[in-house]
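Asker: Going letter by letter, the sequence shown gives residues 14 to 184 in my numbering. Ideal Cβ placement from N, Cα and C applies to all residues, glycine included. To start, I am sharing the structure in question, which I have written as structure tokens.
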Amino acid sequence: MRVWIGCLGCYNGGDLVGEWVEAGNATDFEADFANRVKVPASHIAEAHEEYWVFDIDESPWKLGEMSPSDAEAIQELIDELRENCLEDAYGYWLEVTGEPVLGGDIDAFRDNYVGHFPTWRYYADEVAIETILMSVDQAVANYFDWEAWARDLAYDYHIVDTLQGVYIFHL
Ligand SMILES: [Zn+2]
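Structure (structure tokens):
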């Protein structure tokens, strides 16, 4: 993800002074700000030293303004989740639970994320086959009410419908 980091002191004085950088380099950039960006004389004279992320690009999640160190921490989280292709699922988890992006319970996410499936029925059918229908006679299985099963099973889950299928979480 990329972030636009600017000086708060300059901003409050009416100057947009800053630059787009990779979020992974946010704190290095912040520490070296005056050498990396053309700053006005007032920046030096007033000894500005507070920086802020005013804009964000290429983020997998909805994010607001934040400090550069938070942006860097979020990038680390993105990298970690991306190794397992979990960054989209984590975004939906944040929407479902209202957890903060940082400082949230990432273990709860890992424990409760069931998976990504084409449809809810696809998942519900799978569960039915692997649980109840394993042990019943085929003749009985033919009368199984798939729709009712899927409808009732849904009470135990958060189901996020997207254009790319459903993301399923335990309640
Ligand atoms: Zn400044």
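Would the beta-carbon of Leu-90 fall within 9 Å of that of Val-114?
Answerer: By one-based count along the sequence shown, residue 90 stands at place 77. By one-based count along the sequence shown, residue 114 stands at place 101. Yes; because the gap between Cβ atoms is below 9 Å, this pair is in contact.
Asker: Count the other CB atoms, across all protein chains shown, that sit within 10 Å of the CB of Ala-161; report buried if there are 16 or more and exposed otherwise.
Answerer: Here residue 161 is taken as the residue at index 148 of the sequence shown, counted from 1. Per the 10 Å Cβ criterion, exposed.
Asker: Using DSSP with H/G/I as helix, E/B as strand and the rest coil, what is Thr-132?
Answerer: Mapped onto the sequence shown, residue 132 falls at position 119. Reduced to three states, the DSSP call for Thr-132 is coil.
Asker: Please tell me whether Trp-65 and Leu-29 are closer than 9 Å, where the distance is taken between their beta carbons.
Answerer: For the purposes of this step, residue 65 is taken as residue 52 along the sequence shown, with counting starting at 1. For the purposes of this step, residue 29 is taken as residue 16 along the sequence shown, with counting starting at 1. Not closer than 9 Å, so no.
Asker: Return yes when the Cβ of Phe-182 is within less than 9 Å of the Cβ of His-171, no when it is not.
Answerer: Residue mapping note: residue 171 aligns to position 158 of the sequence shown, counting from 1. Residue mapping note: residue 182 aligns to position 169 of the sequence shown, counting from 1. Result yes, Cβ atoms of His-171 and Phe-182 sit closer than 9 Å.
Asker: Give the residues whose C-beta lies closer than 5 Å to at least one heavy atom of ligand 1, in chain order.
Answerer: So the residues near ligand 1 by this Cβ test are Cys-20, Gly-22, Cys-23, His-56 and His-61.
Asker: State the DSSP-derived secondary structure class of Met-79, mapped to helix, strand or coil.
Answerer: The residue given as residue 79 occupies position 66 in the sequence shown. Residue state, collapsed to three classes: strand.
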